[in-house]
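In the working numbering, the protein residues as written are 2 to 274.
Glycine included, every Cβ here is placed at the ideal spot set by N, Cα and C.
Before any comments, here is the structure.
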DNA sequence: ATTGCCTGCGTGG
DNA sequence: CCACGCAGGCAAT
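Have a look at this one:
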């Protein structure tokens, strides 16, 4: 287990603790004690990890803040509306999406080469899959279970040729997590409905939040927020397709395929930038 | 805060 | 086909 991952585990534990004790407004000392670090060390680790102090971070991550953001629905709505009218101006990601052809869909990746590798990120270990036509997979491992994650990828692209390649994956991680160069290509495979939902997610700029309902409305299916949640849960390319930016209408955090603590963490970091 | 009834899509019989 | 499961929403408690 790498140092980076251990740090992430600590942060995750801290966030869980906060989540369960929001009503008590835990102090820095209490949080630090819970994860067995000195307040000093914890503060330092946190700052290094998130780029802001724990206190500032909490302001952003806290439920009340999320509620406020949702309440100011003009911001949210204008964001989404503007996203529709001129997507390229609002995007923090200039992602060009390529969807697989019907033939490829049927054959599930025949003649497709996927360079895969596991990579460490500030939010945990993830499995990267890259094809000639773009990134096709960015999923986090739960409990460091790489085998399960890998078999999921193989199932998703049953006939593809898999090549282990750490260098390609490393470049992707640097591009997505550490650089301002966000001009990435992705390769998506899904039903029409899923593609519509995933592309709607790409229109939410970093630092902004949307709701399942708002997404449902933008794709012209205003009563299908549940179906939207379903489709979002199947997003194969985390972070780049920002499924973490979608909350419930009432401001609750909602679910996340890779754990709500991780979702909070990603939102918090984006908010604080 | 909790409950019960609604939604639409994907999956497995 | 049909039946069920979901990262949701809403109205009535």
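Would the beta-carbon of residue 143 fall within 8 Å of that of residue 50?
-> Position 142 of the first chain, counted from the first residue, corresponds to residue 143. Position 49 of the first chain, counted from the first residue, corresponds to residue 50. No, these two residues do not count as a Cβ contact at 8 Å.
Residue 7 to residue 117, Cα distance in whole Å?
-> Taking the first residue of the first chain as position 1, residue 7 is located at position 6. Taking the first residue of the first chain as position 1, residue 117 is located at position 116. The straight-line gap from Cα to Cα measures roughly 23 Å.
What number of angstroms, rounded off, separates the C-alpha of residue 18 from the C-alpha of residue 35?
-> As a working note, residue 18 is residue 17 in the first chain. As a working note, residue 35 is residue 34 in the first chain. Straight-line Cα distance between these residues: approximately 8 Å.
Boundaries of the beta strand (DSSP E) in which residue 97 is found, first to last residue = For this step, residue 97 is matched to residue 96 along the first chain. That run of the beta strand (DSSP E) goes 97 to 100.
Three-state class that DSSP yields for residue 200 in the structure shown | In the first chain, residue 200 corresponds to position 199, counting from 1. Correct three-state label for residue 200: helix.
Measuring CA to CA, which of 167, 151, 168 and 170 is closest to residue 161?
-> Your numbering for residue 161 matches position 160 in the first chain. Measuring from the Cα of residue 161, the nearest candidate turns out to be 151.
Please list the segments of the alpha helix (DSSP H) lying wholly inside the stretch 124 to 196, counting only runs of 4 or more residues, in order along the chain.
-> 147 to 157 and 167 to 174
Proximity of residue 187 and residue 98 at Cβ, strictly below 8 Å = In the first chain, counting from the first residue as 1, residue 187 sits at position 186. In the first chain, counting from the first residue as 1, residue 98 sits at position 97. Against a cut-off of 8 Å, the Cβ pair of residue 98 and residue 187 comes out as a contact.
Count the other C-beta atoms from every protein chain shown that fall within 10 angstroms of the C-beta of residue 138, then say buried if there are 16 or more, exposed otherwise.
-> Position 137 of the first chain, counted from the first residue, corresponds to residue 138. By the 10 Å Cβ count, residue 138 comes out buried.
Secondary structure of residue 268, DSSP reduced to three states | Here the question's residue 268 lines up with position 267 in the first chain. Here residue 268 sits in helix by DSSP.
For the alpha helix (DSSP H) that contains residue 231, what are its first and last residues?
-> Mapped onto the first chain, residue 231 falls at position 230. 226 to 233 is the span of the alpha helix (DSSP H), which, as asked, contains residue 231.
The alpha helix (DSSP H) with residue 257 in it runs from where to where?
-> On the first chain, residue 257 is found 256 positions in, with the first residue counted as 1. Unbroken run through residue 257: none, as it is neither H nor E.
My guess is that residue 257 and residue 190 are in contact by the Cβ rule of under 8 Å, so how many angstroms apart are they, rounded?
-> As a position in the first chain, residue 257 is number 256, starting the count at 1. As a position in the first chain, residue 190 is number 189, starting the count at 1. Between residue 190 and residue 257 the Cβ distance is about 21 Å, and since that is not below 8 Å, they are no contact.
Indicate whether the contact test is met: 3 or more Cβ pairs, each with one atom in the stretch 118 to 136 and one in the stretch 167 to 175, closer than 8 Å.
-> yes
So what's residue 108 in DSSP terms, helix, strand or just coil?
-> By one-based count along the first chain, residue 108 stands at place 107. Helix, per DSSP.
Which one or two residues does DSSP pair with residue 46 in a beta bridge?
-> For the purposes of this step, residue 46 is taken as the residue at position 45 of the first chain. DSSP output for residue 46 lists no bridge partner at all.
Along the alpha helix (DSSP H) that carries residue 31, what are the first and last residues, could you check?
-> Taking the first residue of the first chain as position 1, residue 31 is located at position 30. Residues 29 to 35.
Are there 16 or more other CB atoms within 10 angstroms of the CB of residue 149, so buried, or fewer, so exposed?
-> Counting from 1 along the first chain, the entry for residue 149 is found at position 148. Per the 10 Å Cβ criterion, exposed.
Alpha helix (DSSP H) containing residue 219: first to last residue?
-> Start at 1 with the first residue of the first chain, and residue 219 comes out as number 218. Counting along the chain, the alpha helix (DSSP H) containing residue 219 begins and ends at 213 to 219.
Alpha-carbon to alpha-carbon, residue 236 and residue 221 | Position 220 of the first chain, counted from the first residue, corresponds to residue 221. Position 235 of the first chain, counted from the first residue, corresponds to residue 236. If you take the alpha carbons of residue 221 and residue 236, they lie about 20 Å apart.
Mapping DSSP to helix, strand and coil, what is residue 16?
-> Translated into the one-based positions of the first chain, residue 16 becomes position 15. Residue 16: helix per DSSP, three-state reduction.
Is residue 114 buried or exposed, if buried means 16 or more other CB atoms sit within 10 Å of its CB?
-> Within the first chain, numbered from 1, the residue matching residue 114 stands at position 113. So residue 114 counts as exposed.
Is the CB-CB distance between residue 232 and residue 195 below 8 Å?
-> Mapped onto the first chain, residue 232 falls at position 231. Mapped onto the first chain, residue 195 falls at position 194. A contact, by the Cβ cut-off of 8 Å.
Nearest residue (CA-CA) to residue 193, options 208, 177, 135 and 229 | Numbered from 1 along the first chain, position 192 holds the residue referred to as residue 193. Looking at the Cα atoms, 229 is the closest of the given residues.
Measuring CB to CB, does residue 255 end up less than 8 Å from residue 247?
-> Counting from 1 along the first chain, the entry for residue 255 is found at position 254. Counting from 1 along the first chain, the entry for residue 247 is found at position 246. Yes, the pair counts as a contact, with Cβ atoms nearer than the cut-off.
Where residue 216 falls, given that 16 or more other Cβ within 10 Å makes a residue buried = Here residue 216 is taken as the residue at index 215 of the first chain, counted from 1. That one is buried.
Three-way DSSP call (helix, strand, coil) for residue 248 in this model = Here residue 248 refers to the residue found at position 247 of the first chain. Note: residue 248 maps to strand in three-state DSSP.
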